[in-house]
Amino acid sequence: MKTSEAKADLAKRLNDLGMAYDKLTAKTVSFEGLGYNKAIFIKIDGATFKHSIGIDCFQGIPKPSEGGYIPEIGTNCKWE
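Each residue of the sequence shown is one higher than the last, beginning at 107 in my numbering.
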């Protein structure tokens with residue numbers, strides 16, 4: 107999965123749940139020196155999570171080893 111595809115997937119998940127956010131930022135980190143693959147991290151900025159929705163939007167995201175990505179919650183996000 108490319109970073110643009112990962113961002114689009116997470117944006118769709120958030121939009122499907124009616125969650126507003128300011129932006130998504132993607133970065134690829136290489137763990138190849140440790141014998142692992144690369145991993146895509148997608149940072150969510152400016153979102154307000156409700157506990158049940160916050161958990162639901164991350165369900166079913168494949169692990170990086172399976173072609174997926176890792177969502178991160180930005181420091182300016184809120185939990186209700």
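Just so you know, even glycine gets a beta-carbon here, dropped at the ideal spot from N, CA and C.
Quick caveat, the model's predicted, so the values are computed rather than measured.
**OP:** Give every residue of the same chain whose Cβ lies closer than 6 angstroms to the Cβ of Y175, excluding the five residues on either side of it in the sequence, and list them in chain order.
**Re:** On the sequence shown, residue 175 is found 69 positions in, with the first residue counted as 1. Closer than 6 angstroms at Cβ, skipping near neighbours: A112, I146 and I148.
Subject >> alpha helix (DSSP H) segment containing L120, residue limits >> reply: Position 14 of the sequence shown, counting from 1, holds the residue named residue 120. Its alpha helix (DSSP H) spans residues T109 to D122.
Subject >> Secondary structure of P177, DSSP reduced to three states >> reply: For the purposes of this step, residue 177 is identified with residue 71 of the sequence shown, where counting begins at 1. It is a strand residue.
Original post:
Is the distance from the Cβ of D151 to the Cβ of G180 below 8 angstroms?
Top reply: Within the sequence shown, numbered from 1, the residue matching residue 151 stands at position 45. Within the sequence shown, numbered from 1, the residue matching residue 180 stands at position 74. Yes.
Subject >> Range of the contiguous beta strand (DSSP E) that encloses A145 >> reply: Indexing the sequence shown from 1 puts residue 145 at position 39. First-last of the beta strand (DSSP E) with A145: K144 to D151.
**OP:** Would you mind giving the Cβ-Cβ distance between P177 and L123, rounded to the nearest angstrom? I have them listed as a contact below 8 angstroms.
**Re:** As a first step, residue 177 is located in the sequence shown; it is residue number 71 there, counting from the start. As a first step, residue 123 is located in the sequence shown; it is residue number 17 there, counting from the start. Rounded, the Cβ-Cβ distance is 13 angstroms, inconsistent with contact.
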